[in-house]
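These protein sequence lines map, in sequence, to chains P and W. The first sequence runs 3 to 352 under the working numbering. The second sequence runs 54 to 493 under the working numbering. Here a beta-carbon is modelled for each residue, glycine too, at the ideal position from N, C-alpha and C.
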Amino acid sequence: MISLSDRATPLPLQCSIDWVCKYVSNGFCRVRAGASMNAIQLRNVTKVFGSVAAVSDLSLSIPEGSIYGFIGPNGSGKTTTMRMIVGILHPDGGSIQLMGKEVKGVPIGRIGYLPEERGLYRKMRLRALLEFHGSLRGGLNVSAEVTEWLQRLGLAEWADKPVEALSKGMSQKAQFIAAVLCRPPIVILDEPFSGLDPVAAESLREAILELRQRGTTVVLSTHDMPTAEAMCEFIFMIFRGKKVLDGSLADIQELYSSDIIRFSISNDSSRAGHDLGEVPGVEQVRDLGRVQELRLAHGSDPQLVLRELVSRTQLISFALAKPSLHDIFLRIAGPASADPSETKSESNVA
Amino acid sequence: MLHKVLLIARRDYLAAIQTKAFLIALVIAPILFGGGVFTSVITKKRPDIRPRLVAVLDHTGVAAAPVVESIERLNKMELHDPETGRQVMPEYSFETITADSADPDGQRLELSQRVRSGGLFGFLEIGPGALHPTLAVRGDPAAGLAWYANEGAFGETANWLDGPVNDALRRIRLSELGVDKSRFNQVLANLSVYRMDLVSRDKTGQVRMAQRNNLEATAVPIGMALLLTMVVMMTSGPMLPAIAQDKMQRVHEMLLASATPSELICGKVLAAIGQSLTTAAVYLVGAPLALKALDMSNLLPVHLLPWFIVYLISEITILSAMAAALGSACGSPQDAQSLNIVLIAPVVVPLIMLSQLIQRPSGALATGMSLFPLFTPVVMLMRQAAPGGVPVWQPWAALGGVIVATVGIVWLAARIFRVVILMQGKAPKLSELVRWAVQG
Numbered sequence: 003m004i005s006l007s008d009r010a011t012p013l014p015l016q017c018s019i020d021w022v023c024k025y026v027s028n029g030f031c032r033v034r035a036g037a038s039m040n041a042i043q044l045r046n047v048t049k050v051f052g053s054v055a056a057v058s059d060l061s062l063s064i065p066e067g068s069i070y071g072f073i074g075p076n077g078s079g080k081t082t083t084m085r086m087i088v089g090i091l092h093p094d095g096g097s098i099q100l101m102g103k104e105v106k107g108v109p110i111g112r113i114g115y116l117p118e119e120r121g122l123y124r125k126m127r128l129r130a131l132l133e134f135h136g137s138l139r140g141g142l143n144v145s146a147e148v149t150e151w152l153q154r155l156g157l158a159e160w161a162d163k164p165v166e167a168l169s170k171g172m173s174q175k176a177q178f179i180a181a182v183l184c185r186p187p188i189v190i191l192d193e194p195f196s197g198l199d200p201v202a203a204e205s206l207r208e209a210i211l212e213l214r215q216r217g218t219t220v221v222l223s224t225h226d227m228p229t230a231e232a233m234c235e236f237i238f239m240i241f242r243g244k245k246v247l248d249g250s251l252a253d254i255q256e257l258y259s260s261d262i263i264r265f266s267i268s269n270d271s272s273r274a275g276h277d278l279g280e281v282p283g284v285e286q287v288r289d290l291g292r293v294q295e296l297r298l299a300h301g302s303d304p305q306l307v308l309r310e311l312v313s314r315t316q317l318i319s320f321a322l323a324k325p326s327l328h329d330i331f332l333r334i335a336g337p338a339s340a341d342p343s344e345t346k347s348e349s350n351v352a
Numbered sequence: 054m055l056h057k058v059l060l061i062a063r064r065d066y067l068a069a070i071q072t073k074a075f076l077i078a079l080v081i082a083p084i085l086f087g088g089g090v091f092t093s094v095i096t097k098k099r100p101d102i103r104p105r106l107v108a109v110l111d112h113t114g115v116a117a118a119p120v121v122e123s124i125e126r127l128n129k130m131e132l133h134d135p136e137t138g139r140q141v142m143p144e145y146s147f148e149t150i151t152a153d154s155a156d157p158d159g160q161r162l163e164l165s166q167r168v169r170s171g172g173l174f175g176f177l178e179i180g181p182g183a184l185h186p187t188l189a190v191r192g193d194p195a196a197g198l199a200w201y202a203n204e205g206a207f208g209e210t211a212n213w214l215d216g217p218v219n220d221a222l223r224r225i226r227l228s229e230l231g232v233d234k235s236r237f238n239q240v241l242a243n244l245s246v247y248r249m250d251l252v253s254r255d256k257t258g259q260v261r262m263a264q265r266n267n268l269e270a271t272a273v274p275i276g277m278a279l280l281l282t283m284v285v286m287m288t289s290g291p292m293l294p295a296i297a298q299d300k301m302q303r304v305h306e307m308l309l310a311s312a313t314p315s316e317l318i319c320g321k322v323l324a325a326i327g328q329s330l331t332t333a334a335v336y337l338v339g340a341p342l343a344l345k346a347l348d349m350s351n352l353l354p355v356h357l358l359p360w361f362i363v364y365l366i367s368e369i370t371i372l373s374a375m376a377a378a379l380g381s382a383c384g385s386p387q388d389a390q391s392l393n394i395v396l397i398a399p400v401v402v403p404l405i406m407l408s409q410l411i412q413r414p415s416g417a418l419a420t421g422m423s424l425f426p427l428f429t430p431v432v433m434l435m436r437q438a439a440p441g442g443v444p445v446w447q448p449w450a451a452l453g454g455v456i457v458a459t460v461g462i463v464w465l466a467a468r469i470f471r472v473v474i475l476m477q478g479k480a481p482k483l484s485e486l487v488r489w490a491v492q493g
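Here it is as structure tokens:
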């Protein structure tokens with residue numbers, strides 16, 4: 003495995019998808035510190051639906067006891083990858099190992115799975131439903147565990163109500179409980195925070211962190227980049243079925259050198275935001291309200307840009323920053339990278 | 054695997070039977086399915102005995118009085134049940150009307166208006182050719198005999214009048230021919246052709262003859278076929294929409310993390326079998342009680358109950374597996390509704406052809422259909438219940454075919470189910486379903 007620090011060539015800021023794929027496949031952004039046993043190991047996994055390659059030649063190593071974030075635009079292959087790990091879908095090529103053993107069929111008991119869509123029997127009472135899922139996974143003391151989780155996530159008083167009486171957030175919590183019952187060593191969570199209010203999201207976030215403390219390997223997908231940054235030790239991004247990022251947040255940010263200048267200007271500076279795009283070395287200007295953000299072109303000197311800024315306006319503060327995960331996501335999967343011919347949705351699949 | 058199959062089956066079974074819809078269907082279905090038979094029994098037990106005034110429009114000038122006398126005589130004989138003394142048919146009274154040869158249509162129209170207004174129950178027209186019928190008269194109601202009434206398509210009055218009216222006309226003809234009046238009864242004696250069961254030896258070696266019980270000959274096979282059809286439709290009918298709904302609500306994805314598609318489909322099939330046996334048990338307990346109350350306990354074909362259970366299980370297995378495959382292929386509730394017709398065809402087709410099949414239960418059509426696995430349960434059961442039964446080898450051969458078909462269909466259905474269960478959006482084409490069934 004090659005460390006980022008070994009990378010000799012600086013990463014271009016305006017990198018194309020093909021370039022990123024090539025870069026990743028060469029192993030430049032695969033960094034593991036103190037690597038332990040991999041809970042999940044994908045080797046050259048491919049899944050094709052009709053003429054669409056939903057996942058293409060994907061290799062991934064997910065360390066035991068980590069929280070691994072899957073990001074990527076809609077239809078990029080996240081859910082398909084998760085379904086293959088769970089064993090619901092079978093890869094057309096490559097292999098998947100869980101805890102060192104190859105997956106053949108549904109790996110019962112080893113994986114808890116929270117699908118993106120809410121899929122619960124609506125007429126069943128909540129407790130009965132959860133006990134059904136726990137029993138299906140082979141749990142022994144399911145009833146007590148259900149009681150514990152219901153109390154933990156504030157659903158105890160809804161235990162004897164039918165699922166259809168629950169709010170969307172409550173249903174999501176219920177589905178989460180169904181996924182983590184019987185303490186599976188691996189938990190796959192597809193969009194666990196979607197549709198949750200901040201309070202519910204926080205309680206779910208705490209539950210996920212507690213799972214990790216118990217040693218559970220958690221794989222979660224999300225479109226919420228700050229959440230991914232805050233929770234995940236590793237980030238994997240898939241785009242058009244191909245891996246485009248894989249590593250820790252710091253490693254990924256390291257790939258994208260400090261090419262962001264954030265600054266604020268005085269109120270009477272009349273030229274704020276005007277013509278900044280014409281400043282030599284500036285590739286993109288974003289007005290964030292109280293703060294302006296400039297993205298530097300590849301190879302440009304931040305000092306020269308700053309000097310030009312000072313000559314044009316009155317700066318109150320400025321900082322040279324690394325791109326956020328959100329920025330990186332947009333750079334890879336933003337409109338500039340869109341290719342209509344390759345963005346067929348996974349109809350009949352996702 | 055079995056543990057999970059049983060868990061899934063238990064959940065689906067309880068979900069199916071713990072609904073108000075299931076309980077309502079238990080009550081409503083027999084009324085809908087057996088409505089005709091029930092109504093017929095009730096009608097016979099409680100006939101319409103309101104007095105009926107009938108006009109006799111006589112074009113012969115001589116037939117009205119003997120005809121009325123003949124009808125009244127028969128009416129008087131059949132008016133009361135000889136055993137109970139209870140009135141079992143209406144009392145007829147007559148109004149004789151001389152035909153107006155100048156305006157026969159106007160006269161018929163006027164009498165028809167009286168029938169419509171309720172003044173008359175009906176009118177009998179004795180045409181000018183009724184006394185000396187030629188071939189031409191036999192094909193012309195206006196020249197022969199005609200009955201006008203506001204009865205339904207299956208009104209029985211015309212059939213009932215046939216005997217006494219013709220008897221009276223024959224007596225007039227015999228009189229014209231100079232036959233001695235005292236010999237009329239001998240000449241006109243009418244013998245019934247009795248339907249008999251085939252002769253057989255009983256356990257003691259005695260040759261037994263038995264008059265065929267028409268009610269038993271038709272009610273038992275029809276009843277068995279209807280009961281099987283009803284239970285099958287009650288179970289498999291809601292299955293396809295329910296599976297389609299589970300799929301649309303993404304329930305299966307959650308389950309597939311804990312169970313394989315094969316376990317899922319086996320659980321659903323097992324639940325359907327449990328539900329059908331529960332339904333059947335209710336009726337198999339209720340039917341003897343109902344028959345006893347109607348004093349028809351002899352109609353209960355106890356020897357066919359094991360076959361009934363076997364056929365029920367096989368039919369439900371086939372149809373519930375098909376429901377799982379088709380339901381999982383549905384993209385919308387509308388798809389499920391449309392495909393339900395395909396699902397219930399194996400029980401509805403024999404039902405549609407029931408009258409043909411019951412008339413010739415050993416005919417080529419009934420035999421062929423009973424040996425076709427999808428139709429075997431309903432048609433073979435009906436044939437076995439019919440008088441004369443079927444050759445011993447046929448139910449066993451058909452059962453072999455049913456078992457092979459059941460295994461094959463469940464296997465193909467499981468392959469389709471596995472492929473389409475997670476698909477969303479447009480429903481797959483028939484050609485795609487066939488390809489997945491073959492290729493998996």
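- Under the DSSP assignment, W/Arg105 falls outside any alpha helix (DSSP H), being part of the beta strand (DSSP E) whose first and last residues are 105-111.
- In the structure shown, the three-state DSSP call for W/Phe75 is helix.
- Counting C-beta pairs closer than 8 Å gives fewer than three between the stretch 461-476 of chain W and the stretch 429-444 of chain W, which falls short of the contact rule.
- Pairing P/Leu317 with P/Pro228, the inter-Cα distance amounts to about 28 Å.
- Counting C-beta pairs with one atom in each stretch, the stretch 191-199 of chain P and the stretch 152-165 of chain P have fewer than three that are closer than 8 Å, which means they do not touch.
- Under the DSSP assignment, W/Trp200 falls in the beta strand (DSSP E) whose first and last residues are 198-202.
- In the displayed model, P/Leu317 falls within a strand according to three-state DSSP.
- For W/Ile102, the number of other beta carbons within 10 angstroms of its own is below 16, and it is reported as exposed.
- In this chain, the beta strand (DSSP E) harbouring P/Phe72 covers 69-73.
- Closer than 7 Å to the CB of W/Arg303 there is at least one CB belonging to chain P.
- The shortest CA-to-CA distance from W/Leu434 to any of W/Pro354, W/Ser391, W/Leu317 is the one to W/Pro354.
- For the pair of segments examined, the stretch 40-49 of chain P was found not to touch the stretch 201-208 of chain P: the number of CB pairs separated by less than 8 Å stays below three.
- Around the beta carbon of P/Glu256, 16 or more other beta carbons lie within 10 angstroms, which makes this residue buried.
- Using a Cβ-Cβ cut-off of 8 Å, P/Lys49 is close to nothing in chain W; its nearest Cβ partner there is about 12 Å away.
- Under the three-state reduction of DSSP output, W/Ile81 falls in the helix class.
- When beta bridges are read from the DSSP output, P/Ala55 appears opposite P/Val50.
- With respect to chain P, the C-beta atom of W/Lys57 has a partner C-beta closer than 7 Å.
- Within the DSSP secondary-structure output, W/His133 pairs in a beta bridge with W/Gln140.
- Secondary structure at W/Phe425: coil, using DSSP grouped into helix, strand and coil.
- Residue pairing by DSSP places W/Thr151 opposite W/Asp111 in a beta bridge.
- Counting the other CB atoms within 10 Å of its CB gives W/His112 a total of 16 or more, which places it among the buried residues.
- For W/Gln437, the number of other beta carbons within 10 angstroms of its own is at least 16, and it is reported as buried.
- Rounded to whole angstroms, the separation of the alpha carbons of P/Met126 and P/Lys106 is 31 Å.
- In the assembly as shown, P/Gln294 is a buried residue. Its beta-carbon has 16 or more other beta-carbons within 10 Å.
- For W/Asp156, there is no enclosing alpha helix (DSSP H), as DSSP marks it with neither H nor E.
- Closest by C-alpha distance to P/Asp226, out of P/Arg112, P/Leu91, P/Ser326, is P/Ser326.
- DSSP, reduced to helix, strand and coil, places W/Asn238 within a helical segment of the structure shown.
- Separation of P/Asp94 and W/Ser415 (C-alpha to C-alpha, rounded to the nearest whole angstrom) is 54 Å.
- When Cβ-Cβ separations below 7 Å define contact, W/Ala312 makes contact with chain P.
- Take the alpha-carbon of P/Glu285 and the one of P/Gly71: they are about 29 Å apart.
- Interface annotation, P/Arg129: not in contact with chain W, CB-CB separation never under 7 Å.
- When C-beta atoms of the stretch 291-299 of chain W are compared with those of the stretch 379-392 of chain W, three or more pairs fall below 8 Å, so the two segments count as touching.
- For W/Ala68, the residues of chain P that pass the 8 Å Cβ criterion are Tyr123, Lys125, Met126, in the order they occur in the chain.
- For P/Leu138, the residues of chain W that pass the 8 Å Cβ criterion are Lys57, Leu60, Ile61, Leu308, Ser311, Ala312, in the order they occur in the chain.
- Residue range 236-241 is occupied by the beta strand (DSSP E) that includes P/Phe236.
- DSSP, read as helix, strand or coil, puts W/Lys256 in coil.
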